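Protein chains in written order, with UniProt numbering: chain Z, 1 to 297; chain B, 1 to 335.
We treat Cβ as the ideally placed atom computed from N, Cα and C, and that holds for glycine.
Note that the structure is predicted; figures quoted are calculated from it, not measured.
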Amino acid sequence: MTVATHKTTLDVINLNIALPNGVRILRDVSLSLEPGEVRALVGESGAGKSMIGKSVLGILPPSLRVTEGEIILEGQHLNAMSPSTRRTTVAKTAALIPQDPLTALNPVRKIGPQIVDPLIRIHGWSADKARARALDLLDRVHIRAPERVMNSYPHELSGGMRQRILIAAAFAPSPRLIVADEPTTALDVTVQKQILRLIRELQQETGTAVLFVTHDMGVVAKISQKVTVLFAGKVMEDATTKAVFTDPQHPYTRALIAATPSYADLERPFSPVPASLISDLHQQIAQDDALYKGARR
Amino acid sequence: MLLKTVLIRLLTTAVTLFGVAVVVFTLVRVAPGNPIAMMLPPGATEADIENLKALYGFDKSLPQQFIIWLGGVVQGDFGTSITLRQPVDQLVLGRLPATLELSLMALLIAVALGGLTAVIGARKRGTGTEIGVDLVSGAVLSIPDFLWGLVFVLIFGVLWPVLSISGRVDPRIAIDFTTNFYLFEGLVRGRFDVVGSTLGHMLMPAMSLALPLAAMIAQLLKQNLKEVLVQDYTTLARVRGFGETAVILREALRNAALPTLTLVGVQFTFLIGGTVIVERLFAYEGLGNMAIDAVINRDLPLIQGIVLLFAALFIVINLIVDLSYTLLNPRLRHG
Chain Z
1 MTVATHKTTL
11 DVINLNIALP
21 NGVRILRDVS
31 LSLEPGEVRA
41 LVGESGAGKS
51 MIGKSVLGIL
61 PPSLRVTEGE
71 IILEGQHLNA
81 MSPSTRRTTV
91 AKTAALIPQD
101 PLTALNPVRK
111 IGPQIVDPLI
121 RIHGWSADKA
131 RARALDLLDR
141 VHIRAPERVM
151 NSYPHELSGG
161 MRQRILIAAA
171 FAPSPRLIVA
181 DEPTTALDVT
191 VQKQILRLIR
201 ELQQETGTAV
211 LFVTHDMGVV
221 AKISQKVTVL
231 FAGKVMEDAT
241 TKAVFTDPQH
251 PYTRALIAAT
261 PSYADLERPF
271 SPVPASLISD
281 LHQQIAQDDA
291 LYKGARR
Chain B
1 MLLKTVLIRL
11 LTTAVTLFGV
21 AVVVFTLVRV
31 APGNPIAMML
41 PPGATEADIE
51 NLKALYGFDK
61 SLPQQFIIWL
71 GGVVQGDFGT
81 SITLRQPVDQ
91 LVLGRLPATL
101 ELSLMALLIA
111 VALGGLTAVI
121 GARKRGTGTE
131 IGVDLVSGAV
141 LSIPDFLWGL
151 VFVLIFGVLW
161 PVLSISGRVD
171 PRIAIDFTTN
181 FYLFEGLVRG
191 RFDVVGSTLG
201 HMLMPAMSLA
211 LPLAAMIAQL
221 LKQNLKEVLV
231 QDYTTLARVR
241 GFGETAVILR
251 EALRNAALPT
261 LTLVGVQFTF
271 LIGGTVIVER
281 LFAYEGLGNM
291 AIDAVINRDL
301 PLIQGIVLLF
311 AALFIVINLI
321 VDLSYTLLNP
331 RLRHG
């Protein structure tokens with residue numbers, strides 16, 4: 001594949017995202033991804049974990065603004081670019097595996113063109129090369145009769161198949177970075193495992209770095225080497241997956257791990273994240289915000 | 001499966017047309033005013049009236065009249081126009097091409113204008129341009145077609161007289177066409193003098209009919225586009241490097257067009273209804289103009305023929321809309 005460079009694949013430095021009324025969704029988030037690395041972004045709903053991926057890819061909801069911070073993708077400063085340059089730069093280096101395979105494919109277009117079009121029109125490949133690549137990748141995500149699938153409409157395929165197609169489409173242009181935004185949440189448990197294995201296989205083969213957004217600590221353990229734990233848009237802990245599970249530093253991380261049901265030990269009582277811890281964290285964040293506003297005034 | 005669908009369709013079509021025939025036949029006879037009185041000079045004798053009634057069959061009972069007329073219709077005989085003294089089917093079919101060309105031109109303008117406006121509005125959503133699109137389409141929509149006709153007459157007929165304000169084609173042009181589709185046949189035969197003159201006469205009535213529909217299309221399609229443009233597959237297309245215009249045209253338009261198509265189908269029949277007044281306004285020699293004369297003169301056979309033809313036309317349009325719906329939406333193609 002591409003000659004390995006010593007460039008960091010993704011650097012996010014002090015990223016702040018805010019609503020129009022100034023309320024911050026992300027608070028000074030920093031993280032980095034080395035080539036070939038899988039970093040999990042964990043946190044509960046609303047922690048802002050998806051927003052990190054969205055701001056890297058430039059698909060934040062229109063009401064949200066990056067108020068501060070740098071996003072550096074393969075050595076290129078995305079913030080400094082014009083919207084159209086940024087769009088093509090991102091398209092050529094990064095890809096997205098979306099959350100819900102049922103809504104991420106255009107219902108009125110056949111599968112084939114949906115995979116092949118960007119390869120031809122954005123990456124400038126020949127139609128033959130793009131088609132061959134699509135067929136090869138469909139085969140690698142274990143789709144039988146890829147020719148027939150290319151000629152099908154999304155409604156003719158199951159959810160698991162559609163997610164595998166979206167994975168194939170994401171890997172097709174050989175991106176350096178893939179953002180996987182809770183790619184297994186919308187699928188049933190038996191399919192979840194397959195999909196996880198598939199993403200890991202392809203990721204290892206291609207050496208693509210993956211930013212894996214999830215709320216499931218079980219998934220984190222299976223797929224990632226590094227973990228960023230988020231709470232209310234703030235990084236609580238940033239460590240290797242091994243360290244997070246064997247020796248979690250932050251009380252919130254410990255609570256998250258404790259709250260994950262274990263299939264090995266069904267007798268263990270279910271323990272949600274304690275409310276006192278959550279209110280403590282909110283207090284700290286409120287103080288931080290006051291300081292942040294003071295510093296900017 | 002397909003055969004069954006077609007059979008059901010034909011059956012419902014026959015039932016609908018029969019219903020229309022019953023209603024129109026009864027209504028024109030129950031309504032006040034009768035053709036005999038209008039045909040005879042003042043001071044005609046009772047015997048003259050009876051003779052004329054017998055000649056047109058008005059002396060028989062309503063059901064008897066209906067059966068005689070329906071028997072003829074089934075054999076392709078729609079009766080004879082009382083005022084024009086010609087077979088109704090010849091008269092009506094002779095005028096149909098004019099109205100069809102006018103309506104299709106209006107539809108074409110409406111779809112092009114409305115579609116373009118919707119795409120621009122969706123592309124510039126959330127900006128002043130979108131508000132402008134809303135305001136203009138709202139204003140255009142609230143003015144009826146015949147008023148637009150008067151506006152155009154004032155602009156392109158009086159202030160800047162570039163278009164013809166009456167008729168269908170310049171009478172000085174010799175036309176020896178096999179059909180009355182002057183525009184289509186002119187194009188096919190390469191008779192661009194006929195095409196130019198037909199367009200010059202058709203453009204104003206067509207624009208008058210098209211504008212309200214264009215505004216409706218612009219509003220609905222823009223709304224549908226905006227809804228589609230937050231769908232995950234459009235987001236994914238942006239990640240893959242497609243610009244906003246490409247996303248609208250390649251990913252969103254076909255999905256957004258589905259609900260709009262239903263509206264266009266329904267509204268197109270209204271548009272054809274609108275030709276009655278607009279054709280009158282521009283003295284355009286089409287079915288609508290003929291319909292008004294037929295009603296004024298109580299020309300019962302002609303009214304019946306025109307209404308039946310309009311009904312058949314509406315059914316055909318609905319069929320075309322249903323078919324194109326299946327064409328646009330792959331989910332409807334199976335099962």
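heavy atom of the ligand ZN below 6 Å from residue i C-beta
| i | result |
| --- | --- |
| Phe181/B | Inclusion of the ligand ZN in the displayed structure is not the case, the ligand content being empty and no account of it being possible. |
Top-ranked residue by Cα proximity to residue i, from the options
| i | options | result |
| --- | --- | --- |
| Ala110/B | Leu302/B, Phe268/B, Gly138/B | Phe268/B |
| Ala125/B | Val278/B, Lys226/B, Leu308/B, Leu3/B | The sequence shown places Arg at residue 125/B, not Ala. Of Val278/B, Lys226/B, Leu308/B, Leu3/B, the residue nearest in Cα terms is Lys226/B. |
| Gly200/B | Val169/B, Leu135/B, Lys60/B, Ile320/B | Val169/B |
| Ile273/Z | Ser30/Z, Gly22/Z, Gly43/Z | One detail in the question is off: residue 273/Z reads as Val in this sequence, not Ile. Closest option to Val273/Z, Cα to Cα, is Gly43/Z. |
| Leu213/B | Leu187/B, Thr179/B, Asp145/B, Gly186/B | Asp145/B |
| residue 375/B | Leu300/B, Ile296/B, Gly288/B, Val295/B | Nothing about residue 375/B can be reported from this structure: the residues present for chain B run from 1 to 335 only. |
| Ile285/Z | Ile52/Z, Ile25/Z, Leu15/Z | Ile25/Z |
| Leu249/B | Leu261/B, Ser324/B, Leu229/B, Ala283/B | Leu229/B |
| Thr198/B | Ser208/B, Asn180/B, Ala215/B | Asn180/B |
| Ala104/Z | Tyr56/B, Ala237/B, Ala312/B, Pro171/B | Ala237/B |
C-beta neighbour in chain B for residue i, strict 7 Å
| i | result |
| --- | --- |
| Leu105/Z | yes |
| Ile178/Z | no |
| Arg87/Z | yes |
| Pro118/Z | yes |
| Val213/Z | no |
| Pro127/Z | Reading the sequence as shown, one finds Ala at residue 127/Z and not Pro. Closer than 7 Å: no. |
| Pro261/Z | no |
| Val108/Z | yes |
| Leu10/Z | no |
| Leu57/Z | yes |
| Ile278/Z | no |
Beta-bridge partners of residue i, as assigned by DSSP
| i | result |
| --- | --- |
| Lys234/Z | Arg27/Z, Phe231/Z |
| Gln76/Z | Leu73/Z |
| Pro87/B | Thr80/B |
| Arg123/B | DSSP, once it has assigned bridges, lists no residue as partnering Arg123/B. |
| Asn16/Z | Glu68/Z |
Anticipated Cβ contact below 8 Å, residue i with residue j, distance rounded
| i | j | result |
| --- | --- | --- |
| Ala218/B | Thr117/B | 4 Å |
| Leu187/Z | Gln163/Z | 6 Å |
| Ile199/Z | Ile167/Z | 6 Å |
| Leu91/B | Ser81/B | 6 Å |
| Leu157/Z | Pro146/Z | The pair is not a contact, with the Cβ atoms about 12 Å apart (cut-off 8 Å). |
| Arg254/B | Leu332/B | That belief does not hold up - the Cβ atoms of Arg254/B and Leu332/B are roughly 13 Å apart, past 8 Å. |
| His215/Z | Ser45/Z | 7 Å |
| Leu183/B | Glu251/B | Leu183/B to Glu251/B, Cβ: 35 Å. No contact. |
| Gly79/B | Val88/B | 5 Å |
| Leu102/Z | Val239/B | Rounded, the Cβ-Cβ distance is 18 Å, inconsistent with contact. |
| Pro118/Z | Gly241/B | 6 Å |
Contacts around residue i, its chain only, beta-carbon distance under 6 Å, and the 5 residues preceding and following it disregarded
| i | result |
| --- | --- |
| Ala210/B | Ala106, Ile109, Ala110 |
| Leu78/Z | Ile71, Arg86 |
| Ala169/Z | Ile115 |
| Asp289/Z | none |
| Ala91/Z | Ile122 |
Cβ-based neighbour list, residue i, same chain, cut-off 7 Å, excluding 5 preceding and 5 following
| i | result |
| --- | --- |
| Leu203/B | Leu163 |
| Thr93/Z | Leu73, Glu74, Pro175, Arg176, Leu177 |
| Pro20/Z | Ser63 |
| Leu137/Z | Ala168, Phe171, Ala172 |
| Asn318/B | Gly265 |
| Met217/Z | Val42, Leu256, Ile257, Thr260 |
Below-7 Å beta-carbon distance, residue i vs any chain Z residue
| i | result |
| --- | --- |
| Leu323/B | no |
| Gly241/B | yes |
| Thr235/B | yes |
| Val232/B | A quick correction: the sequence has Asp, not Val, at residue 232/B. Interface residue, yes. |
| Arg189/B | no |
| Pro259/B | no |
| Asn255/B | yes |
| Arg238/B | yes |
| Glu244/B | no |
| Glu251/B | yes |
Cut-off 8 Å between Cβ atoms - residues of its own chain near residue i, not counting five sequence neighbours on either side
| i | result |
| --- | --- |
| Ile143/Z | Val149, Met161, Arg164, Ile165, Ala168 |
| Arg298/B | Val28, Gly33, Asn34, Pro35, Met38, Ile82 |
| Ala221/Z | Thr241, Phe245 |
| Asn106/Z | Gln114, Pro154 |
| Lys110/Z | Met150, Asn151, Ser152, Tyr153 |
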